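Below: the structure, in structure tokens.
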Amino acid sequence: MSAMGIFCLGSGVTIYHGITTFLEPEPLVSLPLAYAVLGASLLVEGATLGMAYRAVRRGAEAQNMRIGEYLESQADPMAVAVLLEDGAAVLGVFIAAGSLGMVSLTGDPRWDGVGSIAIGTLLGAVAVYLIRRNRRFLVGANIPSQQYRKITSVLAKDLAVERVHDVKAEMMGTDSVRFKAEIEFNGAEIARKHLESMGRKNTWENIKSMKDEKQLERFLMRYGSDLIGCEYEQVHTAS
20 MSAMGIFCLG
30 SGVTIYHGIT
40 TFLEPEPLVS
50 LPLAYAVLGA
60 SLLVEGATLG
70 MAYRAVRRGA
80 EAQNMRIGEY
90 LESQADPMAV
100 AVLLEDGAAV
110 LGVFIAAGSL
120 GMVSLTGDPR
130 WDGVGSIAIG
140 TLLGAVAVYL
150 IRRNRRFLVG
160 ANIPSQQYRK
170 ITSVLAKDLA
180 VERVHDVKAE
190 MMGTDSVRFK
200 AEIEFNGAEI
210 ARKHLESMGR
220 KNTWENIKSM
230 KDEKQLERFL
240 MRYGSDLIGC
250 EYEQVHTAS
């Protein structure tokens with residue numbers, strides 16, 4: 020919605036105003052006042068841009084990623100929108116100042132229209148980027164390769180995991196991932212790990228104390244259920 024608002028209201032109206040000014044130029048009334056307004060805008064937008072940049076940089080450092088990579092794949096859409104909108108606003112101030120400078124030098128007010136068209140184009144580029152970026156999260160984008168390798172390496176290092184097939188991983192938002200894989204477990208390794216966690220001696224004593232096949236069956240069923248459950252929980256937590 021933010022991107023569409025920038026595109027329709029910001030970009031469209033600004034470009035329309037620029038074309039109108041270029042085709043039907045009117046002399047500017049007060050250049051000093053215009054420069055004063057631009058100066059105040061630069062201070063305000065520059066301050067908010069600095070805060071937005073620091074927030075994004077902290078997020079990138081926390082994820083051990085470059086800022087560009089973080090903006091493309093991990094950053095919150097609202098943070099990205101604020102950063103780009105403020106960045107466009109600051110750049111727009113310089114474009115407007117340049118167009119007013121050309122008006123002062125040449126006396127041609129059409130330069131004001133050229134500046135408006137340039138600012139509108141800049142806003143449109145920001146809007147297109149935001150729409151493209153946010154659309155990927157709606158349809159499900161692939162997770163960053165660094166994160167993909169991290170998850171699969173955790174599975175590969177687990178001795179209880181024999182093979183991993185048909186891996187699918189996609190972003191469900193900026194802070195959640197859907198991961199699917201077909202895993203073949205090493206039954207002998209799982210049993211060994213579970214025996215160690217329960218204690219071999221205790222397990223053997225439990226088996227020796229059983230009086231009939233029913234008790235043994237109940238024990239093995241409970242043992243198998245605990246064995247698979249513990250391994251699933253370990254793999255799920257690690258990945």
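Heads up: take any position in the sequence shown, counting from 1, add 19, and you land on our numbering.
Note that beta-carbon positions come from the ideal geometry of N, C-alpha and C, so glycine has one too.
Please read all numbers here as calculations on a predicted model, not as lab measurements.
Do you know offhand how far residue i's Cα is from residue j's?
{"i": "V32", "j": "Y72", "result": "28 Å"}
{"i": "D185", "j": "A175", "result": "14 Å"}
{"i": "A108", "j": "G126", "result": "26 Å"}
{"i": "I150", "j": "M97", "result": "12 Å"}
{"i": "T39", "j": "G132", "result": "7 Å"}
{"i": "R197", "j": "A188", "result": "6 Å"}
{"i": "V101", "j": "R129", "result": "31 Å"}
{"i": "K68", "j": "V75", "result": "Note that residue 68 corresponds to Leu in the displayed sequence, not to Lys. L68 and V75: Cα-Cα distance of roughly 11 Å."}
{"i": "K220", "j": "A210", "result": "15 Å"}
{"i": "E10", "j": "V147", "result": "The shown model of the chain, from 20 to 258, leaves out residue 10, and the question about it has no answer."}
{"i": "Q82", "j": "N205", "result": "33 Å"}
{"i": "M84", "j": "G143", "result": "28 Å"}
{"i": "E232", "j": "Q165", "result": "51 Å"}
{"i": "T222", "j": "E91", "result": "53 Å"}
{"i": "Y167", "j": "R237", "result": "41 Å"}
{"i": "V173", "j": "N225", "result": "34 Å"}
{"i": "K169", "j": "A200", "result": "14 Å"}
{"i": "L50", "j": "D95", "result": "40 Å"}
{"i": "G65", "j": "L124", "result": "27 Å"}
{"i": "Q234", "j": "M240", "result": "10 Å"}
Quick check: residue i and residue j, are their CB atoms within less than 8 Å of each other?
{"i": "V183", "j": "T171", "result": "yes"}
{"i": "R152", "j": "V99", "result": "yes"}
{"i": "E104", "j": "V145", "result": "yes"}
{"i": "L110", "j": "L61", "result": "no"}
{"i": "G37", "j": "I136", "result": "yes"}
{"i": "L47", "j": "V112", "result": "no"}
{"i": "I114", "j": "G87", "result": "no"}
{"i": "I34", "j": "G139", "result": "yes"}
{"i": "L119", "j": "A53", "result": "yes"}
{"i": "G78", "j": "Y89", "result": "yes"}
{"i": "E203", "j": "L178", "result": "no"}
Could you check where the alpha helix (DSSP H) with residue i kicks off and where it finishes?
{"i": "K176", "result": "S164 to K176"}
{"i": "E104", "result": "P96 to T125"}
Quick one: what does DSSP say residue i is sitting in, helix, strand or coil?
{"i": "A179", "result": "coil"}
{"i": "V32", "result": "helix"}
{"i": "V48", "result": "coil"}
{"i": "D131", "result": "helix"}
{"i": "K227", "result": "helix"}
{"i": "M70", "result": "helix"}
{"i": "M84", "result": "coil"}
{"i": "E232", "result": "helix"}
{"i": "E64", "result": "helix"}
{"i": "E43", "result": "coil"}
Assuming residue i is part of the beta strand (DSSP E), what are its boundary residues?
{"i": "K199", "result": "V196 to F204"}
Name, in chain order, the residues that DSSP records as bridge partners for residue i.
{"i": "A188", "result": "F198"}
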